[in-house]
Amino acid sequence: MDFTAHGAVPRPVPVFDDTAPAVVNLDPALLGALRRAAADATCGFVVNGGWRSPQYQAHLFREAVAKYGSPAAAARWVATPGTSAHVAGAAVDVGPADARAWLAEHGAGYGLCQIYRNEPWHYELRPEAVERGCPPLYPDPSHDPRMRR
Ligand SMILES: [Zn+2]
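First residue of the sequence shown? That's 1 in the numbering used here, and the numbers climb one at a time after it.
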């Protein structure tokens with residue numbers, strides 16, 4: 001099944017793409033911050049994952065359960081449709097490695113923060129980070145209170 005309309009990203013998409021559902025359905029504030037950062041950085045930014053439909057997120061979670069053996073183990077890597085920041089359009093998985101390195105150093109100035117230690121590609125908007133810096137990292141999503149609803 002082709003999930004592109006549901007936010008699947010078969011190939012990395014430039015952050016300035018205006019057609020990919022994974023990009024155009026992101027929260028406008030998050031996408032704006034990401035594009036400002038990408039315009040200032042010297043390296044290219046691509047999106048490996050962005051907005052996802054609940055159906056696609058459910059598909060990813062089922063795949064993760066098959067791969068990791070249980071829903072609890074899968075939850076360290078993939079959120080359920082009800083909890084995923086990707087479904088809300090509030091998270092973006094950034095590549096390649098040099099763009100992630102640039103964001104790790106400069107992202108807070110744009111309100112762009114890594115959230116999980118085990119996902120150096122996953123960024124969300126934390127506007128207060130511009131003033132205060134990014135919040136401490138969770139070891140993985142299973143430690144995130146938002147994931148326990
Ligand atoms: Zn992510």
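The beta-carbon is built from N, C-alpha and C at its ideal position, and this holds for glycine as well. Bear in mind the structure is a predicted one, so any value in this text is a computation, not a measurement.
Own chain, CB closer than 7 angstroms to residue i, minus 5 neighbours either side, in chain order
i            : result
tyrosine 116 : His122, Leu137, Tyr138, Asp140, Pro141
alanine 72   : none
methionine 1 : none
Buried versus exposed, by CB contacts within 10 Å (16 or more), residue i
i            : result
serine 84    : buried
cysteine 134 : buried
aspartate 40 : exposed
aspartate 66 : Inspection of the sequence shows that residue 66 is occupied by alanine rather than by aspartate. Exposed, because fewer than 16 other Cβ atoms sit within 10 Å of the Cβ of alanine 66.
Backbone CA spacing between residue i and residue j [nearest angstrom]
i               : j             : result
methionine 147  : alanine 75    : 8 angstroms
alanine 20      : histidine 86  : 14 angstroms
aspartate 17    : alanine 5     : 14 angstroms
glutamate 63    : proline 54    : 14 angstroms
glycine 95      : proline 14    : 9 angstroms
glycine 69      : arginine 11   : 27 angstroms
glutamine 57    : glutamate 105 : 30 angstroms
histidine 143   : threonine 42  : 34 angstroms
phenylalanine 3 : aspartate 98  : 28 angstroms
Proximity to residue i [Cα-Cα], best of the options
i             : options                        : result
arginine 36   : Ala79, Ala91, Gly107, Lys67    : Gly107
valine 47     : Gln55, Arg100, Trp77, Ala79    : Arg100
arginine 132  : Ala66, Ala104, Gly111          : Gly111
proline 127   : Glu119, Gln114, Asn118         : Gln114
glutamate 119 : Leu31, Asp93, Lys67            : Asp93
leucine 30    : Pro81, Ala91, His143, Gly109   : Ala91
alanine 38    : Pro145, Leu103, Val130, Ala129 : Leu103
alanine 79    : Leu60, Ala97, Lys67            : Leu60
Rounded distance between the beta-carbons of residue j and residue i, thought under 8 angstroms
i           : j           : result
glycine 44  : valine 9    : That belief does not hold up - the Cβ atoms of glycine 44 and valine 9 are roughly 15 angstroms apart, past 8 angstroms.
alanine 165 : leucine 125 : In the structure as shown, the chain begins at 1 and stops at 149. Residue 165 is therefore absent and cannot be evaluated.
Residues near residue i in its chain [Cβ-Cβ closer than 6 angstroms; skip 5 each side]
i           : result
glycine 89  : Asn25, Leu26, Asp27, Trp51
arginine 77 : Reading the sequence as shown, one finds tryptophan at residue 77 and not arginine. Within the same chain, tryptophan 77 has close Cβ partners Ala64.
Contact set for residue i: own chain, Cβ-Cβ below 8 angstroms, skip 5 residues either direction
i          : result
proline 81 : Pro54, Gln55, Gln57, Ala58, Phe61, Val87
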